[in-house]
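What follows is a set of notes on a single structure, which appears directly below.
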Amino acid sequence: MAYEYIFDVTKCWYIDVCNKFQTEECNASCIRYMEMDYLMQNSGIPKNRQYSVSLIPSKNDVQAFLTLKDIKDNIVEFVQNGESVYIYSNNFGNGKTTWAIKLMQKYFDNVWAGNGFRCRGIFIHVPTFLTKIKEGISKKDEDFELLKSRLLTVDLVIWDDIAATKLGDFDHANLLTYIDQRKLQQLSNIYTGNLSQEQLQDALGNRLASRVWNDSIPVRFVGADRRGIK
Amino acid sequence: MITLQILNKVLQTQDMQLINKNALTEEYFIGYEKEFNFIVNHFNKYGKVPDKATFLANFNDFNFIEVTETDKYLLDALYEEHLYYKSVEVVQKVAELLKSNANDAVEYLHSQLPNLQITTASEGTDIISQADERYQVYLDKMNAKNPWYITTGFEELDDIVHGWAKGEELVILFARTGQGKSWVLAKTLTHAWQLGNRVGYISPEMSPTKIGYRFDTLLKNFSNRNLVWGKDEPNYSDYIKELKNYKNPFIVATPLDFQKKITVTKLKHFCQTNKLDILGIDGITYLTDERYKKGDNKAITLTNISEDLISLSVELNIPILVVVQSNRQGVKDIDSEGTPELETIRDSDGIAQNATKVIALRQTGAGLEFGIKKHRDGISGGKLIYYWDIDRGQFNYIPSTEDAVKPETRQRKADEIKNSFNDGTDVF
Numbered sequence: 001m002a003y004e005y006i007f008d009v010t011k012c013w014y015i016d017v018c019n020k021f022q023t024e025e026c027n028a029s030c031i032r033y034m035e036m037d038y039l040m041q042n043s044g045i046p047k048n049r050q051y052s053v054s055l056i057p058s059k060n061d062v063q064a065f066l067t068l069k070d071i072k073d074n075i076v077e078f079v080q081n082g083e084s085v086y087i088y089s090n091n092f093g094n095g096k097t098t099w100a101i102k103l104m105q106k107y108f109d110n111v112w113a114g115n116g117f118r119c120r121g122i123f124i125h126v127p128t129f130l131t132k133i134k135e136g137i138s139k140k141d142e143d144f145e146l147l148k149s150r151l152l153t154v155d156l157v158i159w160d161d162i163a164a165t166k167l168g169d170f171d172h173a174n175l176l177t178y179i180d181q182r183k184l185q186q187l188s189n190i191y192t193g194n195l196s197q198e199q200l201q202d203a204l205g206n207r208l209a210s211r212v213w214n215d216s217i218p219v220r221f222v223g224a225d226r227r228g229i230k
Numbered sequence: 231m232i233t234l235q236i237l238n239k240v241l242q243t244q245d246m247q248l249i250n251k252n253a254l255t256e257e258y259f260i261g262y263e264k265e266f267n268f269i270v271n272h273f274n275k276y277g278k279v280p281d282k283a284t285f286l287a288n289f290n291d292f293n294f295i296e297v298t299e300t301d302k303y304l305l306d307a308l309y310e311e312h313l314y315y316k317s318v319e320v321v322q323k324v325a326e327l328l329k330s331n332a333n334d335a336v337e338y339l340h341s342q343l344p345n346l347q348i349t350t351a352s353e354g355t356d357i358i359s360q361a362d363e364r365y366q367v368y369l370d371k372m373n374a375k376n377p378w379y380i381t382t383g384f385e386e387l388d389d390i391v392h393g394w395a396k397g398e399e400l401v402i403l404f405a406r407t408g409q410g411k412s413w414v415l416a417k418t419l420t421h422a423w424q425l426g427n428r429v430g431y432i433s434p435e436m437s438p439t440k441i442g443y444r445f446d447t448l449l450k451n452f453s454n455r456n457l458v459w460g461k462d463e464p465n466y467s468d469y470i471k472e473l474k475n476y477k478n479p480f481i482v483a484t485p486l487d488f489q490k491k492i493t494v495t496k497l498k499h500f501c502q503t504n505k506l507d508i509l510g511i512d513g514i515t516y517l518t519d520e521r522y523k524k525g526d527n528k529a530i531t532l533t534n535i536s537e538d539l540i541s542l543s544v545e546l547n548i549p550i551l552v553v554v555q556s557n558r559q560g561v562k563d564i565d566s567e568g569t570p571e572l573e574t575i576r577d578s579d580g581i582a583q584n585a586t587k588v589i590a591l592r593q594t595g596a597g598l599e600f601g602i603k604k605h606r607d608g609i610s611g612g613k614l615i616y617y618w619d620i621d622r623g624q625f626n627y628i629p630s631t632e633d634a635v636k637p638e639t640r641q642r643k644a645d646e647i648k649n650s651f652n653d654g655t656d657v658f
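Residue numbers (my numbering), protein chains in the order written: chain E, 1 to 230; chain L, 231 to 658.
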């Protein structure tokens with residue numbers, strides 16, 4: 001669906017900190033709101049995850065959090081250098097996807113000024129993406145075609161839940177094409193998954209696993225599932 | 231007689247220069263069209279003028295005479311004779327029209343006058359010997375009390391197109407319907423008025439009152455909705471009182487002001503009477519082609535009109551801005567595809583050819599995109615994005631690394647915008 005700009009001050013990302021909130025300048029013509037709205041809506045980050053969430057590490061994950069914080073603090077350089085990170089854990093619900101989104105949001109926060117309504121980051125839930133590619137063989141979806149073309153040029157892509165399922169040849173070829181092309185063009189990626197290096201090779205095959213693991217900074221979470229903990 | 235002399239001179243000198251260099255065509259050789267075409271075709275086929283024997287073999291009653299006149303004399307005489315024939319035709323038609331309607335007769339006469347120019351054996355302008363004149367124009371521009379260019383009202387657009395030139399300037403604003411063409415025209419004309427210029431706005435679709443509300447909105451950001459719907463708008467009455475103190479006019483004319491037939495001749499009169507400094511026309515298709523001939527299609531008519539408009543701009547030394555609609559191919563739904571291209575200008579390539587600047591407009595989900603499709607004195611192909619608050623008539627530049635604004639200007643703007651937010655704390 002084509003992007004449409006709708007101003008809703010209650011949905012502003014900066015509502016708690018902005019010096020212009022509730023002033024005359026807090027209106028539909030706020031460039032920061034416009035640009036952030038464009039970046040967020042076009043990124044495909046699920047609507048319920050588009051806002052900042054505080055994450056408190058379990059004792060075992062402090063080092064992983066520090067590594068990710070370091071990446072976050074230097075996210076523009078990270079992306080400009082075409083670097084990648086693989087955030088993984090055997091456990092579920094301990095903040096991998098939240099961290100990945102946080103990194104992308106921080107990137108948006110850094111580049112919105114002067115962006116000029118360009119799509120700069122895309123969130124891909126890999127199992128859904130691969131299913132949609134198959135559906136696209138029989139039914140053309142223009143939005144999905146646009147998304148696929150953007151994958152080859154956009155600054156940063158989150159590949160969420162990579163290798164959640166064992167890949168067939170068709171899935172493997174598709175995923176490899178996109179990731180390979182991005183690596184060739186020195187574009188930045190964030191992968192999240194549940195598999196270690198050996199398991200990744202088994203699930204993705206050597207070639208694709210090598211792109212994901214060897215070309216990335218691996219960050220492992222060992223903490224337990226924290227979903228539902230307030 | 232003169233046509234006979236020229237044909238004889240060509241045959242005598244065996245030199246086609248007299249015909250080719252002066253682009254003479256058969257219409258100059260009334261009564262000798264066959265002979266003329268024979269010489270031209272023979273030359274094109276065999277690379278030489280036919281000799282006397284060959285020519286006689288085809289035209290045995292042709293009258294060979296000795297010609298000693300200069301080329302210049304022959305051409306001047308030919309042009310005079312040609313003008314005579316054309317004038318007779320026009321005068322007869324005018325006399326015919328005068329019997330029923332003097333307005334139609336005079337309008338027809340005006341429309342034909344450009345075709346009845348006195349031609350002499352001129353060989354163009356030597357830009358070397360004429361260099362002093364050119365230098366003088368340059369000095370006039372540089373030292374003029376008022377700038378030679380009228381800024382557009384869009385600071386960043388000026389950065390690219392340098393404003394509207396006072397003369398030899400036909401600007402085309404084109405887009406599909408409902409994209410904001412008329413608003414952009416009104417915005418740039420309002421800005422020109424603010425600079426002290428006398429402005430003319432031809433509005434075929436909207437009343438002067440409605441254009442007036444747009445003007446008010448663009449000038450002082452009054453809610454256009456409130457003005458149109460008659461709802462309370464603070465300070466509007468004070469503003470109206472103050473507005474009357476300005477001396478330079480902003481004149482809106484509708485087709486009724488032109489007896490429902492807007493022609494370039496009438497526009498010329500409109501500009502001269504009101505001493506306009508800039509003219510905007512909200513829709514080229516509402517203009518009537520004065521050079522229309524039976525069988526002309528819409529593309530030809532629009533080409534004629536645009537040619538006449540650029541001539542008018544040259545003659546009156548004012549910029550003329552025209553709104554044109556693009557065709558269905560100009561629709562682009564996907565943001566990344568950008569503004570419509572020149573070839574989507576409805577019904578005419580001629581419009582784009584005659585224009586000095588062509589700017590395509592498109593509303594994206596995020597903003598109003600300006601695409602610079604033609605810029606005779608600069609670089610084409612750039613784009614610009616503005617956030618447009620239609621109700622308040624505000625256009626805010628959105629800096630983008632892909633736009634055509636100078637990088638230092640763009641960076642300065644982006645920094646200004648970013649620094650205007652002082653959050654203190656990190657959100658993400």
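Glycine included, each C-beta is placed from N, C-alpha and C at the ideal position.
- Burial check for E:W112: the Cβ neighbour count within 10 Å reaches 16 or more, so the residue is buried.
- For L:S541, the enclosing alpha helix (DSSP H) starts and ends at K528 to L546.
- At a Cβ-Cβ threshold of 8 Å, L:I602 and L:V297 do not count as neighbours.
- At a cut-off of 8 Å between C-beta atoms, L:T594 counts as an interface residue with respect to chain E.
- Collapsing the DSSP output to three states places L:V324 in a helix.
- In this structure, L:G623 lies near L:N454, with their beta-carbon atoms less than 8 Å apart.
- Contact check for E:V85 and E:S216: beta-carbon distance about 5 Å, within the 8 Å limit, so the pair qualifies.
- By the CB criterion at 8 Å, E:Y51 and E:R32 fall outside the cutoff.
- The beta carbon of L:F452 sits closer than 7 Å to the beta carbons of D446, E463 and Y466 from its chain, once the five residues preceding and following it are set aside; these are given in chain order.
- In terms of beta-carbon proximity, E:N19 lines the interface with chain L, with at least one pair separated by less than 8 Å.
- Counting only Cβ-Cβ distances below 7 Å, E:W13 has contacts in chain L at V657, in chain order.
- Assigned with DSSP and collapsed to three states, L:K587 falls in strand.
- Within a 10 Å sphere around the beta-carbon of L:E265 sit 16 or more other beta-carbons, which makes this residue buried.
- At a beta-carbon threshold of 8 Å, the residues of chain L lying near E:R118 are S630, T631 and E632, ordered along the chain.
- Setting aside the 5 residues that flank it on each side, E:S58 is surrounded in the same chain by G223, each with a C-beta closer than 6 Å to its C-beta; the list follows chain order.
- In summary, E:D141 is exposed, with fewer than 16 beta-carbon neighbours lying within 10 Å of its beta-carbon over all protein chains present.
- Contact note: L:Q555 does not reach chain E at a C-beta cutoff of 8 Å; the least C-beta distance is about 22 Å.
- From the beta-carbon of E:N115, the residues of chain L found nearer than 9 Å are I628, P629, S630, T631 and A644.
- Distance from L:F600 to L:L387 at the Cβ level is roughly 6 Å; contact confirmed, criterion being Cβ atoms closer than 8 Å.
- Inclusion of L:L614 and L:D633 in the CB contact set at 8 Å is warranted, their separation being smaller than that value.
- Against chain L, the beta carbon of E:I190 has no neighbour under 9 Å; the closest one sits roughly 14 Å away.
- Chain E places a beta carbon closer than 8 Å to that of L:K648, counting this residue as a contact.
- Between the C-alpha atoms of L:T495 and L:F294 there is a straight-line separation of about 47 Å.
- In the pairwise beta carbon analysis, the segment 371-383 of chain L is classified as touching the segment 413-433 of chain L: at least three pairs are separated by under 8 Å.
- Here DSSP, grouped into helix, strand and coil, assigns L:L403 to strand.
- Distance from the CA of E:G95 to the CA of E:G193, rounded to the nearest whole angstrom, comes to 11 Å.
- At least one beta carbon of chain L lies nearer than 8 Å to the beta carbon of E:D109.
- Taken in chain order, the complete alpha helix (DSSP H) segments of 4 residues or longer contained in the segment 88-160 of chain E are 96-111, 126-138 and 142-151.
- The beta carbon of L:L598 sits closer than 6 Å to those of G410, Y616 and W618, all from its chain and outside the five residues before and after it, given in chain order.
- One Cα belongs to L:D334, the other to L:A395, and the distance between them is close to 34 Å.
- At a cut-off of 8 Å between beta-carbon atoms, L:N652 makes contact with chain E.
- Our two residues, L:E310 and L:G261, have alpha carbons roughly 16 Å apart in a direct line.
- Pairing E:D202 with E:S149, the inter-Cα distance amounts to about 29 Å.
- Measuring C-alpha to C-alpha distances from E:I137 to each of E:N110, E:K166 and E:F170 identifies E:F170 as the nearest.
- Between the alpha carbons of E:K69 and L:E472 lies a gap of roughly 58 Å.
- The beta carbon of L:K636 is closer than 7 Å to those of D389 in its chain, skipping five residues each way along the sequence.
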